[in-house]
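Residue numbers (the working numbering): 90 to 154.
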């Protein structure tokens with residue numbers, strides 16, 4: 090799996106989980122729904138940034154060799 094795919098998957102997984110939860114909570118108030126959506130995207134972006142940091146570490150190690 091390439092770096093781009095790793096980052097995409099890292100972002101997509103928590104966002105998809107949040108969307109599934111929203112489908113189950115269709116009667117929830119708008120504040121709850123917005124909180125779930127923001128949480129999913131926040132976790133996704135954090136995971137994507139972590140994957141980018143790992144990729145940068147790998148590149149730095151390769152350049153050091």
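Here a beta-carbon is modelled for each residue, glycine too, at the ideal position from N, C-alpha and C.
query = Quick one: Cα of residue 122 to Cα of residue 138, how far?
reply = Roughly 24 Å between the two C-alpha positions.
ask   = Can you list, in chain order, the residues of its chain whose CB lies under 8 Å from that of residue 98, leaving out five sequence neighbours each side?
value = Within the same chain, and ignoring the five residues on either side of residue 98 in sequence, the residues whose Cβ sits closer than 8 Å to its Cβ are 90.
inquiry  = Helix, strand or coil, according to DSSP, for residue 91 in the structure here?
reply    = The answer is coil: DSSP assigns residue 91 none of H, G, I, E or B.
message = One question on the structure: do residue 156 and residue 111 come within less than 8 Å of each other, judged by their Cβ atoms?
response = This structure leaves residue 156 out entirely; the chain is present only between 90 and 154.
message = Considering just the uninterrupted stretch of the alpha helix (DSSP H) at residue 144, what are its terminal residues?
response = Looking at the DSSP string, the run of the alpha helix (DSSP H) that includes residue 144 is 119-153.
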